[in-house]
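Student: I have a structure I would like to understand better, so I am pasting it below and will then ask my questions one at a time.
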Amino acid sequence: MHDDGFLDLIDHDSFANGVPHRTFARLRKEDPVSWNEGNDEIKGFWSLTRHADIALANKENQIFSSAQGIRLEDQSREEYLARRTFQETDRPEHFAVRHAVAPNFAKPTVAKFESLIRELAADICDKALAKPEFDAVECIAKQLPMMMLGRILGVPDKDLDWLIEKGDALIGNSDPDFTDHVVDKMDTSAYRLMPFRSPAGIELYDYAEDLLHKRREVVAEGILAKMMCDENGLKELEFKNFFCLLVAASNDTTRYSIAMALNLLAHNPDLIAQLKTGQYWNTCADEFVRLAAPTMHFRRTATQDFDLHGKTIREGDKVLLWFVSGSRDETVFENPNDCLLGRSPNRHLAFGQGGIHVCLGMHLARLEVRIALEELIKRIDTFEAIEEATWTRSNFICGVKKLRVRARLAA
Ligand code: HEM
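Mapping of the sequence shown onto the working numbering: residues 2 to 412, in sequence order.
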């Protein structure tokens, strides 16, 4: 679908060739609090597209509540209660769980993974580059987040392919490449109590239940073991939903950030030369994540009427915070569509910065993106696309699905 600046954000097809950045640029300029009509399935909603407005809504988290769902989909109270994780709660409930799990994701904790990440990334790059041509998403971008997810959760490597397939089916629930149950093309009401209204949710619930009842091995040092048995222990449904959240939230997001970097390298040899100078390793990961902004939006619900730029958002209205748009706001970022590896400060919103729900995994994600690239760059002289990249069909998660490349090894 051609992005003429007027694409409908409710339509997953508007995103099938990549993010409709012209539409977001127009909305930022002309209609920053824009009302989107609903359809047969989904009620209408507001879109906030400017950096400052998204930051404001994130800060005013009692007015812009997460506690009625964070996806565009309308949920009944029953569906909400069955599927919610702490991400779908407000203070003080949110704080209690966040406080319990946060130490596992703190910067110093994650820094201890650096040598493991490097070992895995080196092996992944060696295997990928052994072939003259390959799909860089499948062979590089997908591999590292998947392996790290296994280490962090504490589940065995042999389960990872299966977990990732199910995670893809959850988060990619509008893309026929990832699921047979495409949410906007068929009736998924049988799965309405499952995460992402997806049958994959049932299988992930069963897996989590086996972990919980010790029918399946889990490594004692992993996060899951900690969440199962100490004073932080979650109740059964909470644990299952937390498990699904980690499988879905940590994996595709980091994959698509690495994939964005690879897609940029494959079309801009100059970026490879710049990275080879070694000057940009502290800043480049954030620039790639800014440009990728893989979870394009999260939703809030207004708990009271709120006036903004001459519009009144009514109590009960759904409000989408388009992090993908705020991260390219021309009033904040110079040349917002360019990849400036040394961009600093880089006040992007791709991790939901400024809000109480700011990404728990951001330190890990940054480290993975940086190290994957360091290991790749030292091994290659050239890296070029041999086919156009393909993109996810989703107005929620955005990323390069497939990127066939040819690489020449460094002398
Ligand atoms: C580049 C990769 C990533 C991106 C772009 C990303 C993006 C985000 C965003 C935008 C939010 C805020 C949601 C909101 O405002 O409602 C979020 C929250 C979250 N992320 Fe990430 N994420 C990434 C990687 C990860 C990883 C690696 C993990 C775990 C290992 C993770 C776990 C979480 C969790 C648990 C939350 C919910 C936090 C809360 O509600 O307090 N994410 N993420």
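Yeah, the Cβ is synthetic: ideal placement off N, Cα and C, and Gly gets one too.
Is phenylalanine 324 near alanine 294, with beta carbons less than 8 Å apart?
Tutor: In this structure, alanine 294 lies closer than 8 Å to phenylalanine 324 by Cβ.
Student: How many angstroms separate the CA atom of lysine 403 from the CA atom of leucine 145?
Tutor: Each residue's Cα considered, the two are about 16 Å apart.
Student: Between histidine 95 and the ligand HEM, is the CB less than 7 Å from at least one heavy atom?
Tutor: For the ligand HEM, at least one heavy atom lies less than 7 Å from the Cβ of histidine 95.
Student: According to the neighbour-count rule (16 or more other Cβ atoms, all chains shown, within 10 Å of its Cβ), is threonine 332 buried or exposed?
Tutor: Exposed.
Student: When you compare only the Cα positions, how much space is there between phenylalanine 243 and arginine 329?
Tutor: Near 31 Å, if we compare the C-alpha coordinates of arginine 329 and phenylalanine 243.
Student: Which residues mark the beginning and the end of the alpha helix (DSSP H) in which alanine 26 is found?
Tutor: Alanine 26 -> alpha helix (DSSP H) spans 22-31.
Student: For proline 104, collect the residues of the same chain with a Cβ closer than 7 Å to its Cβ; drop the 5 residues on either side in sequence, then sort them by chain order.
Tutor: Excluding positions up to five away in sequence, the list reads Thr110.
Student: Which whole runs of the beta strand (DSSP E) in the segment 279-321 are 3 residues long or more, in chain order?
Tutor: Segments of the beta strand (DSSP E) lying fully in the segment 279-321: 298-303, 307-309, 312-314.
Student: Under the three-state reduction of DSSP, which class applies to serine 66: helix, strand or coil?
Tutor: Looking at serine 66 - three-state DSSP - the assignment turns out to be strand.
Student: Could you please give the first and the last residue of the uninterrupted beta strand (DSSP E) stretch that includes valine 406?
Tutor: 405-410 is the span of the beta strand (DSSP E), which, as asked, contains valine 406.
Student: Would you mind listing the beta strand (DSSP E) stretches within the segment 322-410 that are 3+ residues and don't spill past its ends, in chain order?
Tutor: Taking only runs of at least 3 residues, the beta strand (DSSP E) segments lying wholly in the segment 322-410 are 381-386, 401-403, 405-410.
Student: Three or more beta-carbon pairs under 8 Å between the segment 271-287 and the segment 149-163, yes or no?
Tutor: No, the segment 271-287 is not in contact with the segment 149-163.
Student: If distances are taken between C-alpha atoms only, which option among Gln354, Glu31, Glu115, Ala53 comes closest to valine 370?
Tutor: Of Gln354, Glu31, Glu115, Ala53, the residue nearest in Cα terms is Glu115.
Student: When you measure from the CB of threonine 254 to every non-hydrogen atom of the ligand HEM, does any distance come out below 7 Å?
Tutor: Threonine 254: yes, Cβ under 7 Å from the ligand HEM.
Student: Just the C-alpha distance for arginine 99 and glutamate 80, rounded to the nearest angstrom, thanks.
Tutor: If you take the alpha carbons of arginine 99 and glutamate 80, they lie about 22 Å apart.
Student: From glutamate 237 to methionine 228, what distance separates their C-alpha atoms?
Tutor: Taking the straight line joining both Cα atoms gives about 11 Å.
Student: Answer with buried or exposed for threonine 393, where buried requires no fewer than 16 other C-beta atoms within 10 angstroms of its C-beta.
Tutor: Per the 10 Å Cβ criterion, buried.
Student: With a threshold of 7 Å, establish whether the CB of methionine 229 neighbours any heavy atom of the ligand HEM.
Tutor: Answer for methionine 229: no, Cβ out of range of the ligand HEM.
Student: Applying the criterion that 16 or more other CB atoms from any shown protein chain within 10 Å of the CB defines a buried residue, is valine 359 buried or exposed?
Tutor: Flag for valine 359 reads exposed.
Student: How many Å lie between valine 290 and glycine 19 at the Cα?
Tutor: Cα-Cα distance, rounded: 15 Å.
Student: For threonine 313, count neighbouring C-beta atoms within 10 Å of its own C-beta (all shown protein chains included) and say buried if the count is 16 or more, exposed if not.
Tutor: Label assigned to threonine 313: exposed.
Student: Look at isoleucine 378 and valine 406 and say whether their C-beta atoms are less than 8 Å apart.
Tutor: Contact: no.
Student: Using the Cα positions of leucine 341 and glutamate 288, report the straight-line distance between them to the nearest angstrom.
Tutor: For leucine 341 and glutamate 288, the distance between alpha carbons rounds to 7 Å.
Student: Are the CB atoms of aspartate 46 and leucine 8 nearer to each other than 8 Å?
Tutor: The sequence given here places phenylalanine at residue 46; aspartate does not occur at that position. Contact: no.
Student: Got a sec: does the ligand HEM put a non-hydrogen atom nearer than 7 Å to the Cβ of leucine 361?
Tutor: Yes, the beta carbon of leucine 361 sits closer than 7 Å to at least one heavy atom of the ligand HEM.
Student: For glutamate 134, name the three-state secondary structure that DSSP assigns.
Tutor: Three-state result, glutamate 134: strand.
Student: Pick out whichever of Ile172, Asn37, Ser48, Asp4 has its Cα sitting closest to the Cα of serine 326.
Tutor: Looking at the Cα atoms, Ser48 is the closest of the given residues.
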